[in-house]
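**Student:**
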Amino acid sequence: MARSSAASVDGSELLSLSNSLHGSIKLGEETQTVTIAIEQDGYIAGEVESGPSAITLELLGADGEPIRQIAKYVTGMTRFYLVGPYDNPVLRMTAPRDVRIDYQFILRHLVPVADQVVPKVTYQSPSISRQADLIATGGTSDGFWAAVARNGAPMIEPLDHQNVVMTFLARGLKRNGQIFGAPSSDIEFLEQLGQSDIWFKSFIVPNTTRLSYKIACDVPEFDGDEQARRLALLATLQADPLNPDVWPVNAPDAYNQKSVIELPDAPKQPGMQGTNAPVGSIDSFAFESATLGNQRDITLYRPHGFDPDSPENVLLVLFDAKEYRDEVPTPKILDNLIADGVLPPVSVAFIANPDNAARGHELPANPVFAGVVAGDLMPLIGKKLGVDIPASRTVVAGSSYGGLASVTIALRHPDVFGSVVSMSGSFWWSPKDTPADQNEYVSHQVAITDAKPVRMFLTAGLFETGRMGVAGILESNRHLRDVFLAKGYDVTYREYAGGHDYLVWRGALADGLIHLFGR
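Below, the structure is given as C-alpha cells:
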C-alpha cells in the first residue's frame with residue numbers, strides 16, 4: 000500500500016493539512032483510499048499529481064460507496080473542491096490494473112465549519128472604510144455628512160500618482176439608488192453601508208477624468224420585463240443634489256440637468272474659455288428629401304467676418320444638430336478658436352434628425368443616406384454659403400451613431416469629404432445577419448477595400464468598455480484604428496478618461512479640428 004508517514008484509519012491513509020501523502024499503487028493493486036481529517040461540512044481543497052498515469056478519483060459515502068466522481072482517467076494534476084458529507088470523509092483513487100502509479104496527494108485548504116466566517120468587507124474608499132468601523136462600534140454618520148456638505152460629492156481621494164478613488168453618494172434612501180453616467184459602461188447601483196443612511200459606490204479612475212452623470216433615488220420596483228424595469232429610473236433621474244456643479248446651469252429643473260466632475264488633471268477643452276470673441280452668424284433652412292421621405296432643418300454657422308473667397312475656409316458638417324448647439328456650444332467654441340488664431344475660418348452645417356427613428360435608421364452606415372448627404376445636401380449647403388470648398392478642407396463629424404456615419408459616409412464619398420472627426424463612434428454596430436466573425440462591420444469593410452484619401456481623427460472614452468464578451472466602443476475604436484493604420488490611412492486616435500458624454504465630446508471636437516486644420 001501507500002508509503003507515507005501519515006496515520007492509518009481502517010486501512011485508509013489519514014491526511015491533514017500538516018502533511019502530504021507520497022506513495023504508489025503497486026502492480027496488481029487497483030485502489031488507494033485517503034481519509035481527510037475534518038468534521039462534517041468542513042471545506043476541503045487539494046490536488047493529486049499522478050504524472051503520466053491515469054487515475055479515477057471519487058468521494059465515498061459513509062457506506063463506502065461512491066457518491067461523487069471527481070475525475071475519471073485523468074493524468075497529471077487533478078484538483079478537487081469538496082464539502083465533507085460526514086466526519087473524516089474518504090477519497091478513493093483507482094488505477095488501471097497492472098499499472099504502477101506513483102502519486103502525491105496534497106491538501107491546500109482544510110477549513111472546519113467553525114472557521115468559515117464571512118471575510119471582513121474591504122472598501123476602496125478610505126473614508127467609507129473609516130465610517131464602516133465607526134458605525135460598527137455604535138457611531139453615527141453626522142460627521143461624515145458634515146464633511147460631504149463642506150467638500151461636495153462625489154468624494155475624491157488620492158490613490159497613487161495616476162489614479163483616485165471616486166465615491167458617489169446618496170443619503171437616506173428607502174429602497175435603492177442608481178447612477179447613470181458612472182465611470183463604467185452600465186448603470187451602477189449604490190450600496191447601503193450597513194444599516195446607516197449612507198449609500199455609496201466607489202470607482203478607481205484616472206486623475207484626468209471628466210464626466211457628467213445623474214442619480215436616480217428610490218427607483219420604482221415592479222413586476223415587468225427587464226426593459227420596462229430598467230427604464231423606470233427615468234422617473235427619478237436627476238442631477239446629484241450633493242454636487243453643486245451642474246450642467247447646463249440655466250436648465251428649468253434638476254431633472255433636466257446633469258452633475259459634472261472635472262478632476263484637476265482633466266485635459267483643457269480648447270475654445271470653452273473666453274467671452275469677448277466676435278460672434279458668428281447663424282441661420283437655418285429646411286431640407287426635404289424625396290429619396291429619404293422626410294424633412295429636416297439644416298443650420299448654418301458662418302464665422303465673424305466670413306469671406307466666401309478665402310482659400311483658408313473649412314467646412315464642418317456635423318450630425319445631431321440640436322445636441323451640438325445646446326449641449327456642445329459649437330458656435331461659441333469656434334468663435335473663440337477662430338478669434339485666437341488657433342483655427343482658420345470654419346463654417347458649420349448642423350444636420351438635424353427628423354426624429355429618433357430616422358436617426359437610428361439613417362446614421363448607421365446607410366448608403367442611401369450617405370448618397371443624399373453627399374449628392375443632394377452638400378451642393379445645397381455650398382450654394383447657401385456661397386462657397387465651393389474642396390474635399391481636402393471639408394470634414395464630416397459626429398458622435399456615437401454620428402461617428403459611425405461620419406466614417407462610412409467619407410469612405411463612400413472621399414471626393415466630397417476629405418476628413419473625419421469621429422467621437423465615440425459606434426463601431427460595434429453591424430447590419431442584421433452579419434456573420435459573427437465580421438461583427439465589427441466597419442473594420443471588416445475597411446480591411447477588404449482599397450484605402451481612400453481620407454484623414455481620420457478617432458476618439459473613445461476609457462469608460463466605454465464592452466460587456467459580456469462583446470466589444471464596446473473603446474475596444475471597437477481601438478480595432479478600427481489598427482485596421483486603418485494597417486491599410487495606410489492617415490489616422491490619429493485619442494482616448495479620454497470619460498464615457499459616452501457630450502461633456503467629453505465638446506473637447507474632442509475642438510481637438511479634432513485643431514489637429515486637422517489648426518494653424
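Counted from 1, the sequence shown has number 258 at position 259 by numbering that gives the first Met the number 0; the numbering is strictly sequential. Each residue gets a CB set at the ideal place from its N, CA and C atoms; glycine is no exception. Quick caveat, the model's predicted, so the values are computed rather than measured.
(1) Can you tell which of LYS383, GLN444, VAL415 and GLU322 has the C-alpha that lies nearest to the C-alpha of ALA398?
(2) Please report how far the alpha carbon of SER4 lies from the alpha carbon of ILE43, in whole angstroms.
(3) Thinking C-alpha only, which one of THR74, ILE134 and VAL259 is nearest ALA94?
(4) Quick check on the burial criterion: 16 or more other C-beta atoms within 10 angstroms. Buried or exposed for ASP319?
(5) Report the partner residues of TRP144 according to the DSSP bridge assignment.
(6) With DSSP as the reference, identify every bridge partner of ARG149, one or two as the case may be.
(7) In whole angstroms, give me the CA-to-CA distance for THR464 and VAL259.
(8) Would you be able to state if there are at least three C-beta pairs under 8 Å between the region 254–274 and the region 200–218?
(9) Rounded to whole angstroms, how far is the Cβ of GLY460 from the Cβ of VAL503, which I believe are closer than 8 Å?
(10) In the structure shown, what three-state DSSP assignment does SER4 receive?
(11) Within its chain, find whatever has a CB closer than 7 Å to the CB of ILE408; leave out the 5 residues flanking it on each side and keep chain order.
(12) So ILE178 and ILE214 are supposed to be a Cβ contact under 8 Å. How far apart are they, rounded?
(13) Going residue by residue through the region 256–344, where are the continuous alpha helix (DSSP H) segments of at least 4 residues, counting only ones entirely within it?
(14) Output the distance between the C-alpha atoms of GLY381 and ILE388, rounded to the nearest integer angstrom.
(15) Would you mind stating whether PRO344 and VAL316 have Cβ atoms separated by less than 9 Å?
(16) Pull up the distance between the alpha-carbon of ASN355 and that of ALA404, whole angstroms please.
(17) If MET422 sits next to LEU484, beta carbons under 8 Å apart, how far is it from one beta carbon to the other, in whole angstroms?
(18) For the ligand GTP, is there any heavy atom lying closer than 8 Å to the beta carbon of LEU457?
(19) According to DSSP, is PHE516 part of a helix, a strand, or is it coil?
(20) Counting only the same chain and skipping the five closest in sequence on each side, list residues whose C-beta sits under 6 Å from that of HIS499.
(21) Return the chain-ordered list of same chain residues with a C-beta closer than 6 Å to the C-beta of PRO88, the five sequence neighbours on each side being excluded.
(22) What number of angstroms, rounded off, separates the C-alpha of GLU361 from the C-alpha of ASP334?
(23) Report the CB separation of GLN123 from SER201 in whole angstroms; it is logged as a contact under 8 Å.
(24) For THR433, count the other beta carbons within 10 Å of its own beta carbon; 16 or more makes it buried, fewer makes it exposed. Which is it?
(25) When burial is assigned at 16 or more other CB atoms within 10 Å of the CB, is HIS412 buried or exposed?
(26) Which residues does DSSP list as the beta-bridge partners of LEU213?
(27) So the candidates are LEU410, GLY340 and ARG505; which of them puts its Cα closest to the Cα of GLY517?
(28) If we require 4 or more residues per run, which alpha helix (DSSP H) segments fall completely within the region 397–462?
(29) Does the region 49–58 come close enough to the region 132–141 that 3 or more CB-CB pairs lie under 8 Å?
(30) Would you decide whether PRO111 is buried or exposed? Buried here means 16 or more other CB atoms lie within 10 Å of its CB.
(31) Rounded to the nearest angstrom, how far is the Cβ of LEU519 from that of ALA348, given a contact under 8 Å?
(32) Taking all protein chains shown into account, decide if LEU47 is buried (16 or more other Cβ within 10 angstroms of its Cβ) or exposed.
(33) In the DSSP assignment, what residue or residues form a beta bridge with GLU361?
(34) Ends of the beta strand (DSSP E) at LYS200?
(35) With distance defined between alpha-carbon atoms, name the residue in ALA145, ARG149 and SER126 nearest to PRO157.
**Tutor:** Quick look at the numbers:
(1) First, the residue type needs correcting, since residue 398 is Ser and not Ala in the sequence shown. Checking every option, the nearest Cα to that of SER398 belongs to GLU322.
(2) Low local confidence applies: a pLDDT of 36 at SER4 is under 50, so the model's placement there is unreliable, with the coordinate-based value given in what follows. For SER4 and ILE43, the distance between alpha carbons rounds to 21 Å.
(3) THR74
(4) buried
(5) None, per the DSSP bridge assignment.
(6) DSSP lists no partner for ARG149.
(7) 21 Å
(8) yes
(9) 6 Å
(10) The predicted position of SER4 is uncertain, since its pLDDT is 36 and thus under 50; a value taken from the coordinates is nonetheless stated next. Of the three classes helix, strand and coil, the one that applies to SER4 here is coil, per DSSP.
(11) ALA369, VAL372, ALA373, VAL395 and PHE416
(12) 6 Å
(13) 322–325 and 329–338
(14) 8 Å
(15) no
(16) 15 Å
(17) Actually they do not touch by this definition, with Cβ atoms about 19 Å apart.
(18) The ligand GTP is not part of this structure, which contains no ligands at all.
(19) helix
(20) SER423 and GLU463
(21) ILE35
(22) 30 Å
(23) 4 Å
(24) exposed
(25) buried
(26) One point to set straight first is that residue 213 is Lys, not Leu, in the sequence displayed. Note: LYS213 sits in a beta bridge opposite PHE179.
(27) GLY340
(28) 400–411 and 440–447
(29) no
(30) exposed
(31) Because residue 519 is not part of the residues shown, which for the chain are 0 to 518, the question remains open.
(32) The sequence given here has Val at residue 47, not Leu. Per the 10 Å Cβ criterion, buried.
(33) Answer is none; GLU361 lacks a bridge partner.
(34) 197–205
(35) SER126
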